[in-house]
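Residue numbers (UniProt numbering): 1 to 193. The block underneath contains the structure these notes are about, expressed in structure tokens.
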Amino acid sequence: NLLIFKYCDGHLCNKIFKRDLLSGEIFERTYEVRYFEDIYFSSFVIPQARRITYLSDHLYCRFIHSASITRSLPPQALIDFLTVHKKIYCHYSQNTESFFARKVPGLYMRGLLEMGLIMKRNPSRDEFMIQLEETIKKEKARITLSLFLGSEPGKKTILMFLLDKIGLLGLAFKIWSSPFIRSIRNFRWRSYD
């Protein structure tokens, strides 16, 4: 009934729940996925909480370890990433009475844009990646501009959406993740401590 979050420098589920809450046979049997349980957590568990208490201004600081799944990207992880986002979108878009039904198109678009960025980091051109890229394009086309903007997405998502439309999202991400910009971002995070 009550979720309590505190600022932690790392993965939300690993640091707070040690993967006990969302991993294991039940999770894999339900969604047939082995990766990205944090997306499931954020999209289904948090909305069901009656109260949420924040012990800090920040929910969590995203930290990607060099050996993490976000860096290694096996094909199964990419499929799971799309599967989880698709199921979340379908679930909430059917429940029109929910507050989240209005928000979900923007969240789904954000997931698709992030997946496109992940694929740009590893420009493998095998058959699997080509098919997956086509699937992502079709999924993005399903979300109309009015539906997307009606979900009141965050400023970052709107910027990503516009950059993607003009073909500059990959370049913008390269600049954003460059060592110089990363050092500025790290300095900003350290200043909050």
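Beta carbons are placed, not taken as given, at the ideal position from N, Cα and C, and that holds for glycine.
Mind checking which residues open and close the alpha helix (DSSP H) that includes Glu127?
-> Glu127 -> alpha helix (DSSP H) spans Glu127 to Arg142.
N-terminal and C-terminal residue of the alpha helix (DSSP H) that Pro75 is part of = If you look at Pro75, you'll find it in the alpha helix (DSSP H) that goes Pro75 to Gln94.
Proximity winner among Leu107, Met115 and Leu163, relative to Gly150 (alpha-carbon distances) = In this structure, Leu107 is the residue among Leu107, Met115 and Leu163 with its C-alpha nearest to the C-alpha of Gly150.
Check each candidate in Gly116, Thr135, Leu162 and Ile130 and name the one with the smallest Cα separation from Phe145.
-> First, the residue type needs correcting, since residue 145 is Leu and not Phe in the sequence shown. When each option's Cα is compared against that of Leu145, the closest is Leu162.
Buried/exposed call for Phe81, threshold 16 Cβ in 10 Å = Its Cβ being crowded by 16 or more others within 10 Å, Phe81 is buried.
Could you pull the start and end residues of the alpha helix (DSSP H) that Ser146 belongs to?
-> Ser146 -> alpha helix (DSSP H) spans Leu145 to Gly150.
6 angstroms Cβ shell around Ala172 - same chain, five flanking residues per side excluded = These residues qualify, in order along the chain: Leu163.
Taking Pro75 as the reference, which of Ile175, Arg125 and Arg142 has the closest Cα?
-> Comparing Cα-Cα distances from Pro75 to each of Ile175, Arg125 and Arg142, the minimum goes to Arg125.
Which residue's Cα is closest to the Cα of Met115: Thr135, Glu127, Val104 and Lys103?
-> Ranking Thr135, Glu127, Val104 and Lys103 by Cα distance to Met115 puts Thr135 first.
Determine the closest residue to Lys137 out of Ile175, Lys156 and Arg110, with distance taken between C-alpha atoms.
-> Distance check between Lys137 and each of Ile175, Lys156 and Arg110 places Arg110 closest, using alpha-carbon atoms only.
Separation of Ile184 from Tyr60, as counted between CA atoms | Since pLDDT at Tyr60 reaches only 44, below the 50 mark, its modelled position is unreliable, and no value is offered.
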